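Have a look at the structure below, then the notes.
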Amino acid sequence: MAESFLMRLKKRNLAAEAEQDKPSAFQQQLAKFKFEPDQINAFQDGFRRVTNQFDTPGPRMARTENFNVGEGETAVPCRLFIPFGADEVKGPCLVYFHGGGFVTCDVETHEGITRRLRQWRGLPRVVRRLSPAPQHPYPAGPDDCEAVLKWALEGHGIEGHGIDPENIAIGGDSAGGNMAAFLGQKYRHQLKSQILLYPLMQLMEFKPPKPGPQDWLQLGFMALKFIDEHYVAGADATDTRLSPLLESNLGAMPPTYVLTAGLDPLRDEGKLYADKLGRHGCEVTYHHEKSMPHGFLNFARAFPKAKSIPLDAADVIRRHFPRPHGFS
Numbered sequence: 212m213a214e215s216f217l218m219r220l221k222k223r224n225l226a227a228e229a230e231q232d233k234p235s236a237f238q239q240q241l242a243k244f245k246f247e248p249d250q251i252n253a254f255q256d257g258f259r260r261v262t263n264q265f266d267t268p269g270p271r272m273a274r275t276e277n278f279n280v281g282e283g284e285t286a287v288p289c290r291l292f293i294p295f296g297a298d299e300v301k302g303p304c305l306v307y308f309h310g311g312g313f314v315t316c317d318v319e320t321h322e323g324i325t326r327r328l329r330q331w332r333g334l335p336r337v338v339r340r341l342s343p344a345p346q347h348p349y350p351a352g353p354d355d356c357e358a359v360l361k362w363a364l365e366g367h368g369i370e371g372h373g374i375d376p377e378n379i380a381i382g383g384d385s386a387g388g389n390m391a392a393f394l395g396q397k398y399r400h401q402l403k404s405q406i407l408l409y410p411l412m413q414l415m416e417f418k419p420p421k422p423g424p425q426d427w428l429q430l431g432f433m434a435l436k437f438i439d440e441h442y443v444a445g446a447d448a449t450d451t452r453l454s455p456l457l458e459s460n461l462g463a464m465p466p467t468y469v470l471t472a473g474l475d476p477l478r479d480e481g482k483l484y485a486d487k488l489g490r491h492g493c494e495v496t497y498h499h500e501k502s503m504p505h506g507f508l509n510f511a512r513a514f515p516k517a518k519s520i521p522l523d524a525a526d527v528i529r530r531h532f533p534r535p536h537g538f539s
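See below:
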């Protein structure tokens, strides 16, 4: 009996699906790839050079100050940015955690972003310096970030820094957004707002995508592979300190600004988190840049929107802080 057309079509579709499920050559090579120390150092140095070339220094500040939160081996290095017009006696503050995949970047690579978060020009910013993996794997990152946030919330930043513990916002980009999201959940009742810029919201599983029109994007998954091997390093990735997207209790969260980028492996999880916050009654400002890659805010010379988008995020902060005389 001759095979029907529908049966032949079904077999062809099943064969195509089976072929699709086979790992691509890229995926097979990626699964075998191991990062060596010299490659890590080269990546760190390379990113700093690229940032220096393609980012702008950002607006001038009245002053900047390097200081430590804590003492001895547990001290966390930070930098305080004081814009012109800030109240240095007692005023609000944004505590910001920079990105870099938990391994690279520092305050210098993110000076442009933090300086451009200045729409409300009287807002000081404390930026916590990274304790990078693999020398400092999880939970060093969130522990350091929490120490800085508690320092600000408990009033230790008033004397000498003028940080008002009653008016604190939190923020971060990429890996810094991951830690800001978790701490935003934990300290929700003490924060005025939060900004999450293309945040890394979950580290449960490393799955490279199928090849597509933007195959170069899969280079982003090289970084995710490194994070899995050297930062997560066998820890329980379902812990909300690593995967804040999994948090089920999101009631009473502070007003939140979420930015995602279309050419970014993290875009879907950022959108999922924004939607989840909205369903729990959080005031969410969601912004999606469909033609931008991950990390574009570090490259203001290449992407002009890197200059304007931080102003949108800063506006969320401005709306939820008091506006004393002289601020704009």
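Here the sequence shown stands for residues 212 to 539, where the numbers follow my numbering. Virtual Cβ for every residue (Gly too), placed ideally from N, Cα, C. This one's a predicted model, so the numbers in the text were calculated from it and none came from an experiment.
Q: Leaving aside the five residues before and after I520 along the sequence, list all residues of the same chain whose C-beta is less than 6 Å from its C-beta, in chain order.
A: none
Q. Are the segment 460 to 470 and the segment 404 to 411 touching, with three or more C-beta to C-beta distances below 8 Å?
A. yes
Q: Within its chain, find whatever has a CB closer than 7 Å to the CB of F393; leave out the 5 residues flanking it on each side and keep chain order.
A: P353, T451, R452 and P455
(Q) Could you compute how far the alpha carbon of A525 sits from the alpha carbon of T449? (A) 31 Å
Q.
Bridge partners for H491 per DSSP, in chain order?
A. Answer is none; H491 lacks a bridge partner.
Q) What do you get for L225, buried or exposed, if any count of 16 or more other CB atoms within 10 angstroms of its CB means buried? A) Note that L225 scores a pLDDT of 49, beneath 50, so its modelled location is shaky and nothing firm can be said.
Q. Is G382 helix, strand or coil when you go by DSSP?
A. strand
Q) Counting pairs of beta carbons, one from the segment 312 to 322 and one from the segment 366 to 374, are three or more of them closer than 8 Å? A) No: fewer than three Cβ pairs fall under 8 Å.
Q.
Could you give the first and the last residue of the continuous alpha helix (DSSP H) run that contains V527?
A. K516 to R530
**Q.** DSSP-derived helix/strand/coil call for R452
**A.** coil
Q. Any idea which residues DSSP pairs N279 with across the strands?
A. Answer by DSSP bridge pairing, in chain order: P288.
Q: Rank V337, T275 and Q396 by C-alpha distance to the C-alpha of H491 and give the top, closest one.
A: Q396
Q.
Let me check understanding here. Comparing Cα to Cα, which of G473, K482, C316 and M390 lies closest to A434?
A. C316
Q: State the DSSP-derived secondary structure class of M390, mapped to helix, strand or coil.
A: Three-state result, M390: helix.
Q. Can you tell me whether DSSP reads V338 as helix, strand or coil?
A. strand
(Q) Which same chain residues end up closer than 7 Å to L402 when comparing Cβ atoms and leaving out the 5 residues on each side of it in sequence? (A) I379, A380, I381, G395 and P465
Q) Where does E377 land, buried or exposed, given buried means 16+ other C-beta within 10 angstroms? A) exposed
Q: Have a look at A286, H531, C493 and G388 and flag the residue whose alpha-carbon is nearest the alpha-carbon of Q413.
A: Q413 has its Cα closest to that of G388, out of A286, H531, C493 and G388.
Q. Using the rule of at least 16 other Cβ atoms within 10 Å of the residue's Cβ for burial, across every protein chain shown, is T285 buried or exposed?
A. exposed
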